[in-house]
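Visitor:
In the numbering used here, the protein residues as written are 25 to 168.
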């Protein structure tokens with residue numbers, strides 16, 4: 025469970041995942057655990073923002089978006105600049121070209137968020153397909 029914040033909200037928050045609703049026992053009774061994603065390609069400067077500035081800004085916007093109040097009793101801030109691929113026009117064609125070149129090397133398979141989707145399900149699917157192709161290329165039956 026969670027929410028994606030639309031650009032029209034003009035919020036530094038991109039999304040919020042309600043981890044304690046998704047997974048039991050992630051937070052003590054009467055508390056919630058939120059994962060908040062900020063910045064992104066349109067607000068890259070936030071990756072460099074000091075934690076002392078980032079926490080009050082995010083807390084203020086959470087109050088507005090979720091109608092919650094109070095300070096967090098626990099906070100862990102991780103800065104991961106430039107980690108989400110930004111697909112540009114022509115990305116599909118470039119990936120198709122790369123994959124065509126990789127076909128010449130059957131024991132080399134490509135997987136990850138740079139190819140066919142940035143989400144975890146996309147990455148899992150790509151990894152499973154790559155593993156299947158590796159197994160096929162190494163299969164003794166194929167060599168007969």
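For every residue, glycine included, the Cβ atom is placed at its ideal position computed from N, Cα and C.
1) Could you give the DSSP three-state label for residue 26: helix, strand or coil?
2) Return the first residue and the last residue of the beta strand (DSSP E) that residue 40 is part of.
3) Could you say which of 58, 37, 39 and 38 lies nearest to residue 47 if we only look at CA atoms?
4) Looking at the structure shown, is residue 132 part of a helix, part of a strand, or coil, going by DSSP?
5) CB-CB under 8 Å to residue 92, same chain, minus the five flanking residues each way: which ones, in chain order?
6) Whole angstroms is fine: what's the gap from residue 55's alpha carbon to residue 98's?
7) What residues in its chain sit with their C-beta under 6 Å from that of residue 158, if we drop five residues either side in the sequence?
8) Going by the CB atoms, is the gap between residue 41 and residue 50 shorter than 8 Å?
9) Nearest-angstrom Cα distance between residue 68 and residue 105?
10) Excluding the 5 residues preceding and the 5 following residue 95 in the sequence, name in chain order all residues of the same chain whose CB lies nearer than 8 Å to its CB.
Guide: Judging by the given coordinates:
1) In the chain shown, counting from the first residue as 1, residue 26 sits at position 2. Reduced to three states, the DSSP call for residue 26 is strand.
2) Translated into positions along the chain shown, residue 40 becomes position 16. Unbroken beta strand (DSSP E) run through residue 40: 37 to 42.
3) Position 23 of the chain shown holds residue 47. Considering only alpha carbons, the answer is 58.
4) If you number the chain shown from 1, residue 132 lands on position 108. Three-state DSSP puts residue 132 in coil, outside helix and strand.
5) Numbered from 1 along the chain shown, position 68 holds the residue referred to as residue 92. Closer than 8 Å at Cβ, skipping near neighbours: 86.
6) As a working note, residue 55 is residue 31 in the chain shown. As a working note, residue 98 is residue 74 in the chain shown. If you take the alpha carbons of residue 55 and residue 98, they lie about 11 Å apart.
7) As a position in the chain shown, residue 158 is number 134, starting the count at 1. The answer, listed in chain order, is 133.
8) Locating residue 50 in the chain shown gives position 26, where the first residue counts as 1. Locating residue 41 in the chain shown gives position 17, where the first residue counts as 1. It is not a contact, given that the beta carbons lie outside the stated cut-off.
9) The residue labelled residue 68 in the question sits at position 44 within the chain shown. The residue labelled residue 105 in the question sits at position 81 within the chain shown. The alpha-carbon atoms of residue 68 and residue 105 are separated by roughly 7 Å.
10) The residue labelled residue 95 in the question sits at position 71 within the chain shown. So the list reads 83, once near-sequence residues are dropped.
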